[in-house]
Ligand SMILES: Cc1cc2nc3c(=O)[nH]c(=O)nc-3n(C[C@H](O)[C@H](O)[C@H](O)COP(=O)(O)OP(=O)(O)OC[C@H]3O[C@@H](n4cnc5c(N)ncnc54)[C@H](O)[C@@H]3O)c2cc1C
Ligand SMILES: Nc1ncnc2c1ncn2[C@@H]1O[C@H](COP(=O)(O)O)[C@@H](O)[C@H]1O
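Residue numbers (our numbering), protein chains in the order written: chain A, 4 to 252; chain B, 31 to 357.
This is the structure in structure tokens:
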């Protein structure tokens with residue numbers, strides 16, 4: 004079975020986000036970049052599926068500039084067999100990204116394409132299902148676990164107040180959320196091996212984005228709050244404030 | 031010019047976010063001098079709900095009824111809505127950024143080759159162009175977007191917009207279901223209910239979240255007591271430390287790698303307030319923190335803080351809230 008995992012280079016979640024002088028993007032200086040966390044969960048799932056099947060191929064793919072090579076190598080170090088860098092600049096237009104990924108990955112004819120539930124940069128939660136539609140494949144989103152049963156993928160999805168067990172015929176696109184297994188750390192051997200694994204590059208410029216960032220701004224400051232008091236004795240006053248001042252209960 | 035709002039029902043009742051999508055659509059339509067239509071997909075009898083959408087301003091309600099639509103069907107819903115939007119010359123279409131809407135909107139966008147902005151927290155019409163504001167970097171910045179297409183697809187974050195009533199005709203129009211259950215490829219085998227209640231933390235107007243300071247899952251009944259005191263609109267949330275420890279499911283995690291929430295009231299109990307947690311909840315209306323450490327960073331974003339031991343404070347808090355709510 005061939006599994007492609009789409010991984011995106013994003014700022015580390017600890018990063019301080021500073022808006023650049025153009026007012027529409029972030030200042031990349033001082034930011035550490037990582038594989039988007041949900042994409043790491045997806046890669047971990049793919050590697051486990053290959054390991055338990057004892058056969059198969061795991062391919063990591065990313066649309067980005069040359070810097071994304073760092074995340075692809077990290078994916079290879081975790082255990083992926085090869086990598087594909089689709090050179091192009093992702094934008095706020097998820098559909099443009101999905102089109103570029105489609106153009107770059109369709110010929111791979113993968114059995115399974117995994118994406119993260121969302122990229123933790125723009126938090127769009129779009130690209131997985133869009134990719135599926137463009138490729139004409141079924142799609143399951145927010146999957147916390149997946150299993151393959153005779154040509155069918157079965158996923159556990161997180162829904163309000165429960166878990167939904169859903170199936171779709173292969174090939175399929177699955178957007179992954181946090182599952183049971185933490186992503187592995189690459190071993191030293193893995194890191195060495197990654198240097199020799201194939202990394203194919205091709206140009207895949209997404210078309211003109213149809214979602215334009217007009218402005219980027221910091222969130223509004225919250226007005227300063229206050230400590231109502233200490234211990235159980237302060238509870239009635241807290242509840243009074245919530246009822247009479249904030250009017251939320 | 032027409033603006034379309036996608037409504038959402040569950041078990042034969044409209045979800046509150048449906049009024050929010052209709053309300054946002056109405057504001058945009060009024061600024062354009064246009065009209066609002068709504069679309070509702072559901073099981074037999076769904077058309078009976080059209081009146082409620084009309085109260086908030088829907089001049090027409092397109093209703094697709096099908097046995098298989100009593101529950102969400104990704105393929106069936108996407109194909110049916112795409113057909114309506116394709117022929118409708120809408121200026122914009124507003125989806126709920128609920129669990130359902132987050133799954134549905136990107137599929138529709140790809141089918142129609144239209145750009146989409148998800149999870150909007152503000153929508154404005156400036157010089158005839160739609161400006162959509164949404165959080166990025168888990169709320170550490172807000173991007174204002176312009177979509178260049180004849181029909182703009184936008185999903186709106188639940189609980190953020192405040193719809194007001196403004197009755198319109200709400201004429202029911204039958205919407206043809208596209209395809210049939212045997213052509214829809216994604217199939218639900220089974221739904222397992224969790225213990226958390228049926229309100230998703232991402233959509234609940236009130237959230238009660240617990241952190242590592244709760245000291246173990248056996249103490250969650252204290253948080254459940256508070257949630258119950260707050261009524262059916264309240265949901266439980268958790269910090270990542272709690273989820274990583276296996277005390278609560280990931281579906282309840284609030285923060286950068288969990289859900290980003292904007293409830294009217296967020297109560298953080300025994301949560302320190304790490305940056306990744308704050309990212310997920312700082313846009314809440316009112317934030318209350320209960321923590322035994324007066325120096326905990328959570329107090330910096332809390333509107334009201336209470337320094338104390340959760341085990342002592344929570345039962346009393348639930349009791350006093352019940353008194354005020356008369357429940
Ligand atoms: C990539 C990445 C992503 C992350 N994503 C998230 C995320 O999505 N969500 C998230 O929450 N975190 C996230 N984190 C983790 C985050 O950095 C913190 O580690 C986590 O939020 C801490 O959880 P906590 O506040 O429950 O625990 P702690 O930081 O251990 O805080 C426990 C608090 O409980 C208080 N306390 C102890 N006993 C009591 C008592 N009896 N009564 C009252 N108070 C008491 C303590 O004073 C303390 O403030 C992420 C981290 C990384 C690196
Ligand atoms: N530039 C990209 N390169 C590779 N995969 C991507 C890219 N952008 C998005 N994805 C995939 O799509 C998922 C959802 O992204 P998004 O719609 O941006 O939240 C991510 O978790 C990735 O798996």
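Ideal Cβ positions, reconstructed from N, Cα and C, are used throughout, including at glycine. Here the structure is a predicted model, which is why all the values come from computation and not from measurement.
Using only the heavy atoms of ligand 2, determine whether one of them is closer than 7 Å to the beta carbon of residue 145 (chain A).
Residue mapping note: residue 145 (chain A) aligns to position 142 of the first chain, counting from 1. No, since every heavy atom of ligand 2 falls outside the 7 Å radius drawn around the Cβ of residue 145 (chain A).
Per the contact definition of three or more C-beta pairs closer than 8 Å, is the region 131 to 144 of chain B in contact with the region 150 to 158 of chain A?
no
Below 8 Å, can you find three or more Cβ-Cβ pairs linking the region 118 to 132 of chain A to the region 74 to 88 of chain A?
no
So if I measure from each beta-carbon to every heavy atom of ligand 1 and keep distances below 5 Å, which residues remain?
A:16, B:241, B:242, B:243, B:269, B:270, B:271, B:285, B:286, B:287, B:288, B:300, B:301, B:302, B:304, B:306, B:307, B:321, B:322, B:323, B:326, B:339 and B:340
Proximal residues to residue 191 (chain B) (C-beta, below 7 Å), its chain only, five neighbours per side dropped:
Residue numbering aside, residue 191 (chain B) sits at position 161 when the second chain is read from its first letter. 50, 53 and 54.
Using DSSP's beta-bridge definition, name the partner residues of residue 143 (chain A).
Taking the first residue of the first chain as 1, we reach residue 143 (chain A) at position 140. Partner(s): A:177.
Alpha carbons only, please: which of A:126, A:219 and A:248 is nearest the one belonging to residue 22 (chain A)?
Translated into the one-based positions of the first chain, residue 22 (chain A) becomes position 19. Out of A:126, A:219 and A:248, A:219 has the C-alpha closest to the C-alpha of residue 22 (chain A).
Just checking residue 64 (chain A) against ligand 2 - is the residue's beta carbon closer than 7 Å to any of the ligand's heavy atoms?
Translated into the one-based positions of the first chain, residue 64 (chain A) becomes position 61. Because some heavy atom of ligand 2 lies under 7 Å away, the Cβ of residue 64 (chain A) counts as near it: yes.
Cβ distance (whole Å) where residue 270 (chain B) is taken to contact residue 306 (chain B) below 8 Å
On the second chain, residue 270 (chain B) is found 240 positions in, with the first residue counted as 1. On the second chain, residue 306 (chain B) is found 276 positions in, with the first residue counted as 1. Between residue 306 (chain B) and residue 270 (chain B) the Cβ distance is about 7 Å, and since that is below 8 Å, they are a contact.
For the region 217 to 240 of chain A, list every residue whose C-beta sits within 8 Å of some C-beta in chain B, in sequence order.
217, 218, 219, 220, 221, 222, 225, 226, 228, 229, 230, 231, 232, 233, 234, 235, 237, 238 and 239
Between residue 217 (chain B) and residue 170 (chain A), is the Cβ-Cβ spacing less than 8 Å?
The count along the second chain starts at 1 and reaches residue 217 (chain B) at position 187. The count along the first chain starts at 1 and reaches residue 170 (chain A) at position 167. Yes, Cβ-Cβ distance for residue 217 (chain B) and residue 170 (chain A) is below 8 Å.
With a threshold of 8 Å between beta carbons, is residue 108 (chain A) in contact with chain B?
Against the first chain, residue 108 (chain A) aligns to sequence position 105. It does not; no Cβ of chain B falls within 8 Å.
Ligand 2 heavy atom lying under 7 Å from the CB of residue 10 (chain A)
Against the first chain, residue 10 (chain A) aligns to sequence position 7. Yes - ligand 2 has a heavy atom lying nearer than 7 Å to the Cβ of residue 10 (chain A).
With a cut-off of 8 Å, does the C-beta of residue 301 (chain B) fall near any C-beta of chain A?
Within the second chain, numbered from 1, the residue matching residue 301 (chain B) stands at position 271. It does not: the Cβ of residue 301 (chain B) has no partner Cβ on chain A nearer than 8 Å.
Residue 269 (chain B) - partner residues in DSSP beta bridges:
Residue mapping note: residue 269 (chain B) aligns to position 239 of the second chain, counting from 1. DSSP lists no partner for residue 269 (chain B).
Where do the N-terminal and C-terminal ends of the alpha helix (DSSP H) with residue 293 (chain B) fall, by residue?
The residue you call residue 293 (chain B) lines up with position 263 of the second chain. Taken as a continuous stretch (DSSP letters only), residue 293 (chain B) belongs to no alpha helix (DSSP H), as it is neither H nor E.
Can you name the start and end residues of the alpha helix (DSSP H) that residue 72 (chain B) belongs to?
Here residue 72 (chain B) is taken as the residue at index 42 of the second chain, counted from 1. Here residue 72 (chain B) belongs to no alpha helix (DSSP H); instead the beta strand (DSSP E) covers 65 to 72.
With a cut-off of 8 Å, do at least 3 Cβ pairs link the region 275 to 288 of chain B to the region 226 to 246 of chain B?
yes
Under 8 Å Cβ-Cβ, which residues of chain A neighbour residue 329 (chain B)?
For the purposes of this step, residue 329 (chain B) is identified with residue 299 of the second chain, where counting begins at 1. Within chain A, the residues near residue 329 (chain B) are 228 and 230.
How about residue 188 (chain B) and residue 254 (chain B): are their beta carbons less than 8 Å apart?
As a working note, residue 188 (chain B) is residue 158 in the second chain. As a working note, residue 254 (chain B) is residue 224 in the second chain. No, the pair does not count as a contact, with Cβ atoms beyond the cut-off.
Tell me which residues share the same chain as residue 37 (chain A) and place their Cβ nearer than 6 Å to its Cβ, disregarding the 5 neighbours each side in the sequence.
In the first chain, residue 37 (chain A) corresponds to position 34, counting from 1. Cβ neighbours of residue 37 (chain A) beyond the five flanking positions: 15.
Specify the secondary structure class of residue 66 (chain A) as computed by DSSP and reduced to three states.
Taking the first chain and counting its residues from 1, one reaches residue 66 (chain A) at position 63. Strand at residue 66 (chain A).
Mind checking which residues open and close the beta strand (DSSP E) that includes residue 230 (chain A)?
Here residue 230 (chain A) corresponds to residue number 227 of the first chain, with the count starting at 1. 229 to 233 is the extent of the beta strand (DSSP E) around residue 230 (chain A).
Beta-carbon separation of residue 81 (chain A) and residue 6 (chain A) under 8 Å?
Taking the first chain and counting its residues from 1, one reaches residue 81 (chain A) at position 78. Taking the first chain and counting its residues from 1, one reaches residue 6 (chain A) at position 3. In this structure, residue 6 (chain A) does not lie closer than 8 Å to residue 81 (chain A) by Cβ.
Selection of the region 123 to 141 of chain A by Cβ proximity to chain B, strictly under 7 Å:
123, 124, 125, 126, 127, 128, 129, 132, 133, 136, 137 and 141
As assigned by DSSP and simplified to three states, the class of residue 71 (chain A)
As a working note, residue 71 (chain A) is residue 68 in the first chain. Reduced to three states, the DSSP call for residue 71 (chain A) is helix.
Using Cβ-Cβ distances below 8 Å, what residues of the region 172 to 197 of chain B are close to chain D?
Going by chain labels, chain D is absent from the structure shown, which instead holds the protein chains A and B.
What does a CB cutoff of less than 7 Å around residue 155 (chain B) pick up in its chain, not counting 5 residues either side in sequence?
Locating residue 155 (chain B) in the second chain gives position 125, counting from the first residue. These residues qualify, in order along the chain: 58, 61 and 62.
Anticipated Cβ contact below 8 Å, residue 252 (chain B) with residue 344 (chain B), distance rounded
Residue 252 (chain B) sits at position 222 when you count from the first residue of the second chain. Residue 344 (chain B) sits at position 314 when you count from the first residue of the second chain. With 8 Å as the limit, residue 252 (chain B) and residue 344 (chain B) qualify as a contact, their Cβ atoms being about 4 Å apart.
Local conformation of residue 36 (chain B) per DSSP, three classes
To locate residue 36 (chain B), count along the second chain from 1; it is residue 6. DSSP places residue 36 (chain B) in strand when its eight states are reduced to three.
Output the distance between the C-alpha atoms of residue 179 (chain A) and residue 350 (chain B), rounded to the nearest integer angstrom.
Position 176 of the first chain, counting from 1, holds the residue named residue 179 (chain A). Position 320 of the second chain, counting from 1, holds the residue named residue 350 (chain B). If I take the Cα positions, the gap works out to 41 Å.
I need the boundaries of the alpha helix (DSSP H) containing residue 44 (chain A), first residue and last residue.
Taking the first chain and counting its residues from 1, one reaches residue 44 (chain A) at position 41. Run containing residue 44 (chain A): 40 to 56, per the alpha helix (DSSP H) assignment.
With burial defined as no fewer than 16 other Cβ atoms inside 10 Å of the residue's Cβ, what is the status of residue 19 (chain A): buried or exposed?
Here residue 19 (chain A) refers to the residue found at position 16 when the first chain is read from its first residue. Per the 10 Å Cβ criterion, exposed.
Selection from B:285, B:323, B:44 and B:347 that minimises the alpha carbon distance to residue 40 (chain A):
Here residue 40 (chain A) refers to the residue found at position 37 when the first chain is read from its first residue. Out of B:285, B:323, B:44 and B:347, B:285 has the C-alpha closest to the C-alpha of residue 40 (chain A).
Is it buried or exposed, residue 264 (chain B), if we count other Cβ atoms within 10 angstroms and call 16 or more buried?
One-based indexing of the second chain puts residue 264 (chain B) at position 234. Flag for residue 264 (chain B) reads buried.
Inspect the beta-carbon positions of residue 331 (chain B) and residue 242 (chain A) and report whether they are closer than 8 Å.
Residue numbering aside, residue 331 (chain B) sits at position 301 when the second chain is read from its first letter. Residue numbering aside, residue 242 (chain A) sits at position 239 when the first chain is read from its first letter. Cβ atoms of residue 331 (chain B) and residue 242 (chain A): not closer than 8 Å.
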